[in-house]
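Those protein sequences? They're chains V and H, same order as listed.
Per the UniProt record's numbering, residue 1 is the first one in the first sequence, and the count goes up by one each step.
Per the UniProt record's numbering, residue 1 is the first one in the second sequence, and the count goes up by one each step.
Written below as structure tokens is the structure these notes are about.
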Amino acid sequence: MSMAGPVSPLSTHVLNTAMGVPGSNMSLSLHRQDPSTEAWSLITTGTTNEDGRCPGLISKQMFVPGVYKMRFETGQYWETIGESSFYPYVEIVFIIKDPGQRYHVPLLLSRFSYSTYRGS
Amino acid sequence: MSAQRLQQLKGHLLHDNKMSAMAGPVSPLSTHVLNTAMGVPGSNMSLSLHRQDPSTEAWSLITTGTTNEDGRCPGLISKQMFVPGVYKMRFETGQYWETIGESSFYPYVEIVFIIKDPGQRYHVPLLLSRFSYSTYRGS
Numbered sequence: 001m002s003m004a005g006p007v008s009p010l011s012t013h014v015l016n017t018a019m020g021v022p023g024s025n026m027s028l029s030l031h032r033q034d035p036s037t038e039a040w041s042l043i044t045t046g047t048t049n050e051d052g053r054c055p056g057l058i059s060k061q062m063f064v065p066g067v068y069k070m071r072f073e074t075g076q077y078w079e080t081i082g083e084s085s086f087y088p089y090v091e092i093v094f095i096i097k098d099p100g101q102r103y104h105v106p107l108l109l110s111r112f113s114y115s116t117y118r119g120s
Numbered sequence: 001m002s003a004q005r006l007q008q009l010k011g012h013l014l015h016d017n018k019m020s021a022m023a024g025p026v027s028p029l030s031t032h033v034l035n036t037a038m039g040v041p042g043s044n045m046s047l048s049l050h051r052q053d054p055s056t057e058a059w060s061l062i063t064t065g066t067t068n069e070d071g072r073c074p075g076l077i078s079k080q081m082f083v084p085g086v087y088k089m090r091f092e093t094g095q096y097w098e099t100i101g102e103s104s105f106y107p108y109v110e111i112v113f114i115i116k117d118p119g120q121r122y123h124v125p126l127l128l129s130r131f132s133y134s135t136y137r138g139s
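This is the structure:
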């Protein structure tokens, strides 16, 4: 856990569906979009653990309504295990309207496909 | 065989009833948007294709389009323009759901992919609901 204390209201989970294993050791980053300038600012960088998770993405205080982006360094991930991939990275852009809820933004990934959904 | 089915087959062969941004050969890159929540094609969705400049990393717009009744968008790119590189398809999913009176978790979807061998056919579909999406490399 990269921070002590309460659980992040936003979580992720990377799964390597091609190999049936967690997507571990994958670099990722969380960004928020400025509503007026539309510029992205970096909130957190992290690396998924053995289980493909990355605790402590954001604190409750920083988790305000807005447009967020999770970026997963998928190309790097596959390269590290000696494979090529169709996608150099995956960016998932989503809207947080009610920061009081829990949000789970997983990534199910193979070299030639991926999917995501809003979980809890 | 029904008259409708016969017309459909004629269309596949002759391309005469397909909306296309260009006459002539089929684009080496295609897409197909499916609204998996409602079991229908994702029709009337705005989308755009971009290529990244390898030195500056800046994106330049290649095509804009709108999916047809079948959720497809023929004529995305010509063979000549389809050079190796990093491309991005952007789908205006937020707008799409808004038009049918629904909200969505994703304001848009961008899929970034690498074309190494432009001699091949590439299919980059989007299977979409309000709270999920998936894509794969098809042919």
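We treat Cβ as the ideally placed atom computed from N, Cα and C, and that holds for glycine.
Exposed unless 16 or more other CB atoms sit within 10 angstroms - verdict on residue i
i	result
residue 141 of chain H	Summary: the structure shown does not reach residue 141 of chain H, with chain H confined to residues 1 through 139, and so no result is reported for it.
V40 of chain H	exposed
R72 of chain H	buried
L49 of chain H	buried
T47 of chain V	exposed
V83 of chain H	exposed
S120 of chain V	exposed
G100 of chain V	exposed
L61 of chain H	exposed
S85 of chain V	buried
R51 of chain H	buried
6 Å Cβ shell around residue i - same chain, five flanking residues per side excluded
i	result
E110 of chain H	K88, R90
W40 of chain V	H31, Q33
S132 of chain H	none
V93 of chain V	K69
S27 of chain H	G75, L76, I77
H13 of chain V	G52, R53, P106
E69 of chain H	S43
V67 of chain V	Q33, I95
Distance between residue j and residue i (C-alpha atoms, nearest Å)
i	j	result
V64 of chain V	M70 of chain V	15 Å
Y106 of chain H	I115 of chain H	26 Å
L109 of chain V	S115 of chain V	7 Å
N17 of chain H	N49 of chain V	Bear in mind that a pLDDT of 39 at N17 of chain H, under 50, signals an unreliable position, so the number given afterwards is only what the model happens to contain. Answer to the nearest angstrom: the Cα atoms are 52 Å apart.
S36 of chain V	G101 of chain H	25 Å
M81 of chain H	A58 of chain H	17 Å
W78 of chain V	E91 of chain V	16 Å
S78 of chain H	T93 of chain H	25 Å
P9 of chain V	R102 of chain V	5 Å
D53 of chain H	G85 of chain H	8 Å
R53 of chain V	P25 of chain H	46 Å
G65 of chain H	L76 of chain H	8 Å
R125 of chain H	M26 of chain V	For the record, residue 125 of chain H in the displayed sequence is Pro; it is not Arg. Going from the Cα of P125 of chain H to the Cα of M26 of chain V covers about 25 Å.
Q36 of chain H	T56 of chain H	First, the residue type needs correcting, since residue 36 of chain H is Thr and not Gln in the sequence shown. Straight-line Cα distance between these residues: approximately 37 Å.
P118 of chain H	V112 of chain H	16 Å
residue 157 of chain V	P88 of chain V	Limits of chain V in this structure are 1 at one end and 120 at the other, which puts residue 157 of chain V out of reach.
T67 of chain H	I81 of chain V	37 Å
S129 of chain H	M38 of chain H	8 Å
N16 of chain V	G23 of chain V	5 Å
L42 of chain V	T135 of chain H	26 Å
H32 of chain H	Y108 of chain H	16 Å
S30 of chain H	S11 of chain V	33 Å
M62 of chain V	S113 of chain V	32 Å
P55 of chain V	V21 of chain V	18 Å
Where residue i meets chain V, residues with beta-carbon distance less than 9 Å
i	result
V86 of chain H	P88
7 Å Cβ shell around residue i - same chain, five flanking residues per side excluded
i	result
T44 of chain V	S29, L30, L57, I58
Q95 of chain H	S46
A18 of chain V	S110, R111
residue 128 of chain V	An answer regarding residue 128 of chain V cannot be provided, because it is not within the stretch 1 to 120 covered by chain V.
Q76 of chain V	S27
Neighbour list for residue i in chain H, Cβ cutoff strictly below 9 Å
i	result
V93 of chain V	Y106, P107, Y108, V109, E110
Amino acids of chain V, ordered along the chain, whose beta-carbon sits closer than 7 Å to that of residue i
i	result
S78 of chain H	Within 7 Å Cβ-Cβ: nothing; S78 of chain H doesn't reach chain V, min ~22 Å.
Cross-chain neighbours of residue i in chain V, by beta carbon under 8 Å
i	result
T135 of chain H	S113, Y114, S115
S132 of chain H	S115, T116, Y117, R118
Per-residue contacts from residue i into chain H (C-beta, under 7 Å)
i	result
R71 of chain V	None at all; the shortest Cβ gap to chain H is about 10 Å.
V67 of chain V	P107
For residue i, the residue or residues it bridges with in DSSP
i	result
Y133 of chain H	V:T116, H:L128
K69 of chain V	V:H31, V:V93
V7 of chain V	BP columns for V7 of chain V are empty, so no partner.
M89 of chain H	H:L49, H:I111
P41 of chain H	H:L34
Cβ shell of residue i (< 8 Å), same chain only, five flanking positions each side left out
i	result
Y117 of chain V	P106
P6 of chain V	S59, K60
R137 of chain H	F113, Y122, H123, V124
message = Give me the subset of the stretch 105-117 of chain H whose CB atoms are less than 7 Å from a CB atom of chain B, sorted by chain position.
response = Structure shown: chain B not included; protein chains present are V and H.
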